[in-house]
Amino acid sequence: MLKRYCAVLISGMLMTSSAWSAANTPLRIGWVFAMANAPALIAEKQGFYQQEGLNVELKAFGDGPVIQQALAAHELDAAYIGAPPVYQWFARGLKGQIIAGVNTGQAALIVGEKSPIASLADLRGKRIAGVNKGSGMDVLLRGLVLRQHAGLEADKDLSVVSMPAGNMQAALRQGVVDAAFTWEPFVSEALLRGEAKLLFDVNQAQPDYPWYVVMALPETLKDRPDDVVKLLKAHKKAVDFLNQQPEKANEIIAAAFKLQAIETAQGHRIAPAAIVDEARKRIRWSATITPAALTFIQRLMNDSLALGYLQKPMKAQDVVDPQWLQKAGIQDTP
């Protein structure tokens, strides 16, 4: 009788321990360390994850392809990432789902302040700094910017030189390239320093185009649905904070990204938070997934196919699952 009692007691203790362990296992979230992904940062800094009762392990990465490798290795459960890496890996078998929006806008094409380049047509025969071939920004550059708006073919009418975004300003300044296709805060830093001028703002040509998204692996959605909802609720709080308290948010972002004050040629000092404020001209934050966002993601898929980065057609609805926004009370219509 005593042995039976002890066995039941031990079994119960093990079950309780197991349940406690599962409840306290952190949700591992990767995020591309870009200003547009500020909701991930804000949610952590402002304690929004904790408010929702969610234990989170937030990991910063340099770009989407690296995050996707971590997801494929099951080192992450969810991610703040660009839409193209999600559908590119989906085509390879990693069936991650886009469950929320993060931001719209971010990219721009800049040239030196004294550059004779005045229009996209002037880029013929020139060298443009871009990021890795096949990446989301590369699809945007080659498809929407060059093919549609400039009528130019990369690697035929001009050269795209791959390099880290942090190196582009120096390459532009030293004449290694004639233009740079980059994002925030690099665009705003170059403009505010007076070193560059804006040649093409993607957000003006394609207003409120979606870029970063929240995605989760299928096993995360299946095994941890409550945590997914908590994640999205914290995410929405962060988006609201960015939109409703811009001055406080700008200070947090400037500190997190270690932005340095800018001294202009005229001797003016521009504070780090002012760089973030300038970037807001090209970035907006939203958690929802609109029909227009679906249309744009489909366009990126079509451009990826035309560029040879996808081997067969895909549909945006295959990788986007807005029902999670509905479950989190963020978006009424899935």
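The working numbering runs 4 ahead of the 1-based position in the sequence shown.
Using N, Cα and C, we set each Cβ at its ideal position, and we do this for glycine too.
- Under the Cβ criterion (8 Å, minimum of three pairs), the segment 227-247 counts as touching the segment 103-113.
- One Cα belongs to Pro69, the other to Lys63, and the distance between them is close to 14 Å.
- Within a 10 Å sphere around the beta-carbon of Ser166 sit fewer than 16 other beta-carbons, which makes this residue exposed.
- Nearest in C-alpha terms to Arg131, of all of Gln110, Asp159, Leu148 and Ala82, is Asp159.
- If you draw a straight line from the Cα of Leu156 to the Cα of Val60, it is about 45 Å long.
- Residue burial annotation: Asp322 is exposed, with fewer than 16 other C-beta atoms found within 10 angstroms of its C-beta.
- In the DSSP assignment, Tyr216 is bridged to Gly86.
- Excluding its 5 nearest sequence neighbours in each direction, Arg273 has C-beta neighbours in its own chain below 8 Å: Ala265, Ile266 and Glu267, listed in chain order.
- A residue is called buried when at least 16 other Cβ atoms come within 10 angstroms of its Cβ; Asn41 meets this threshold and is buried.
- DSSP, reduced to helix, strand and coil, places Ile334 outside both helices and strands of the structure shown, so it counts as coil.
- The shortest CA-to-CA distance from Leu329 to any of His239, Phe261 and Ala175 is the one to His239.
- Burial state of Ser192 is buried, judged by a 10 Å Cβ sphere holding 16 or more other Cβ atoms.
- For Leu176, the enclosing alpha helix (DSSP H) covers residues Ala169 to Arg177.
- Around Leu176, the same chain offers Gly116 and Ala184 as residues with beta carbons nearer than 6 Å, after the five sequence neighbours per side are excluded.
- With a cutoff of 9 Å on beta-carbon distance, Ala169 and Thr186 are scored as near each other.
- The alpha carbon of Pro120 has as its nearest neighbour, out of Glu56, Pro88, Leu202 and Ala253, the alpha carbon of Leu202.
- When secondary structure is reduced to three states using DSSP, Lys241 falls in the helix class.
- Residue pairing from DSSP places Phe65 in a beta bridge opposite Val36.
- Close CB contacts of Arg32 within its chain, under the 6 Å cut and outside five residues either way in sequence, are with Glu61, Leu80 and Asp81 (chain order).
- Counting C-beta pairs closer than 8 Å gives fewer than three between the segment 280-290 and the segment 299-309, which falls short of the contact rule.
- One alpha carbon belongs to Asn254, the other to Gln315, and they sit about 41 Å apart.
- Ala95 and Gly147 have their C-alpha atoms some 19 Å from each other.
- Using a 10 angstroms sphere on the CB of Glu251, the tally of other CB atoms stays under 16, which defines it as exposed.
- Annotated three-state conformation of Lys226 is helix, per DSSP.
- DSSP places Ile46 in the uninterrupted alpha helix (DSSP H) bounded by Ala42 to Lys49.
- Closest option to Gly333, judged by alpha-carbon separation, among Ile114, Leu311, Thr292 and Gln248: Thr292.
- When secondary structure is reduced to three states using DSSP, Asp205 falls in the strand class.
- Between Gly140 and Pro89, the CB-CB gap stays under 9 Å.
- For Thr299, the uninterrupted alpha helix (DSSP H) run begins and ends at Pro295 to Ala310, by DSSP.
- In the structure shown, the three-state DSSP call for Gly105 is strand.
- Boundaries for Leu196: no beta strand (DSSP E) harbours it, while the alpha helix (DSSP H) harbouring it runs Phe190 to Arg197, taken from the DSSP string.
- Beta-bridge pairing by DSSP links Ala184 to Ile114 and Ala133.
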